[in-house]
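Residue numbers (my numbering): 90 to 407.
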């Protein structure tokens, strides 16, 4: 690994192949130390860690090794970060996207009971702003890291798959360029890691995968001394979904006595709508929900009943 120090406090981390990990562990040695205010460049491997290629088939999905899923680059030691501080991570840029994949992995995803067979779709991400999903359907490219977090205070190795109080695999589609992510600091140096980069995703990532893609990412750190938060927060610099908002939405709703049931219903009805209206397969419709449909909580107060809406942007259809 080489670190170049330029006059404008720019840290570039090359040779990232061996500098990744698969779980949160505060005993991991940092791969670099940086000052607050420095910019760090990462080369991030997509979530299968090279198990899938742009020519992958369902056999690759059947044979996936879950021990190698969701690698994160890091950890980075931020000088001066101490327990009780808040680490601000500004998302500066995401670039060099070439191809991506979305898969249905048996046993995984909101409608796992209904989609038992593996499936995979790959995407050309070399276009400036969009990628084709099917003829006549284009997805807006809005790259962001699905996973970003710091070391936990507890000793031991914790899976990187779920979201936690340290951030982790939050899959927040709004952590795009210009967003500031705030993370609580529990260990000296914070030990920040990032990965699971996505080219596009809907709120909910309902099939379990977004458009998973390798890319370069640049972030800048800032410390807020003595300011403590219990769980992550973030600030976005403008409207979250202007390109999707431009032509309105078709919305399905689902109700239930818990949010899981309500969400499943809303997505089930959206799959039905997509299959009926656009003559795609139910697997394609389910994938499209994961990469372009936003789940929103519409109603939470009439216990135990709740309502979820699934928003499909009209602007993806030519």
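Idealized CB from N, CA, C, for every residue including glycine.
- With a 10 Å radius around the Cβ and a threshold of 16 neighbouring Cβ atoms, residue 228 comes out buried.
- Around the Cβ of residue 199, a 10 Å sphere holds 16 or more other Cβ atoms; the residue is buried.
- Using a Cβ distance threshold of 9 Å, residue 335 and residue 404 count as a contacting pair.
- Straight-line spacing of the CA atoms in residue 128 and residue 309 works out to 4 Å.
- Judged by DSSP in its simplified three-state form, residue 149 adopts helix.
- Excluding residues up to 5 positions away in sequence, 111, 112, 113, 159, 161, 236, 257 and 258 lie with their Cβ nearer than 7 Å to the Cβ of residue 249 in the same chain.
- In terms of Cα proximity to residue 206, the closest of 285, 197 and 132 is 197.
- Here DSSP, grouped into helix, strand and coil, assigns residue 287 to strand.
- For residue 197, the secondary structure class from DSSP, reduced to helix, strand or coil, is coil.
- A straight-line Cα-Cα distance of about 33 Å links residue 191 and residue 116.
- In the displayed model, residue 118 falls within coil according to three-state DSSP, outside both helix and strand.
- Between the segment 274–290 and the segment 383–400, the count of Cβ pairs shorter than 8 Å is below three; the stretches do not touch.
- The three-state reading of DSSP puts residue 368 in coil, since its state is none of H, G, I, E or B.
- A distance of 9 Å or more separates the beta carbons of residue 119 and residue 172.
- By the Cβ test, the segment 179–193 is not in contact with the segment 343–360, since fewer than three Cβ pairs between them sit closer than 8 Å.
- The three-state secondary structure of residue 359, taken from DSSP, is helix.
- In the three-state DSSP reduction, residue 265 falls in the coil class, being neither helix nor strand.
- In the three-state DSSP reduction, residue 396 falls in the strand class (E or B).
- Here the alpha carbons of residue 322 and residue 296 stand approximately 25 Å from one another.
- CA-CA distance, residue 254 to residue 204, rounds to 31 Å.
- Counting every other CB atom within 10 Å of its CB across the protein chains shown gives residue 223 a total below 16, marking it as exposed.
- The criterion of a C-beta distance shorter than 9 Å is not satisfied by residue 151 and residue 123.
- The residues 167, 168, 169, 170, 310, 311 and 312, in chain order, have a CB closer than 8 Å to that of residue 125 in the same chain once the five nearest residues on each side in sequence are set aside.
- Distances from the CA of residue 356 to each of 374, 318, 301 and 244 were compared; the closest alpha carbon is that of 374.
- A straight-line Cα-Cα distance of about 32 Å links residue 251 and residue 337.
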